[in-house]
Amino acid sequence: MTLEQFTDKDGQLARRYEYDDGAVLAVDFGSQREDAAVDVVDCTVIVVVGDEQYEIDLPESADDANTFIKNGVLTVELEGDL
């Protein structure tokens, strides 16, 4: 799944912010989604929200990925030469 596919859903926001040493991906699942969970397996971010599962493939050039969900917003911090 690409980041742009998240914006196909009504009211859902997804952004990518580029920096010199990496990037940040942010996806808003809505503040009502306290049952969301996130994990990284190999180069894939797996997000489970209720009964739905989303997968985001990360660039292989990313050295490290830190993920967390707070108030329904998924944040993925990527380091490396993207």
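Residue numbering for the sequence shown follows my numbering, beginning at 595 and increasing consecutively.
Even for Gly, the Cβ is constructed at its ideal location relative to N, Cα and C.
Taking 7 Å as the line, does the beta carbon of Gly666 fall inside it for any heavy atom of the ligand SAM? Ligands in the displayed structure: none, and consequently the ligand SAM is not present.
Around the C-beta of Ala631, are 16 or more other C-beta atoms found within 10 angstroms, so that it is buried, or is it exposed? With fewer than 16 Cβ atoms within 10 Å of its Cβ, Ala631 is classed as exposed.
Is the beta carbon of Asp615 less than 8 Å from the beta carbon of Glu671? With contacts defined by Cβ atoms closer than 8 Å, Asp615 and Glu671 do not form a contacting pair.
Mapping DSSP to helix, strand and coil, what is Asn660? In the structure shown, Asn660 sits in a strand (DSSP, three-state: E or B).
Name the DSSP bridge partner or partners of Asp651? Thr638, per the DSSP bridge assignment.
In the DSSP assignment, find the beta strand (DSSP E) that holds Asp713 and state where it starts and stops. There is simply no residue 713 to check, as the chain begins at 595 and stops at 676 in what is shown.
Please report the straight-line C-alpha distance between Glu646 and Asp629, rounded to a whole angstrom. Looking at the two C-alpha atoms, the distance is approximately 11 Å.
DSSP on Gly674, reduced to helix/strand/coil? If DSSP states are grouped into helix, strand and coil, Gly674 belongs with the strands.
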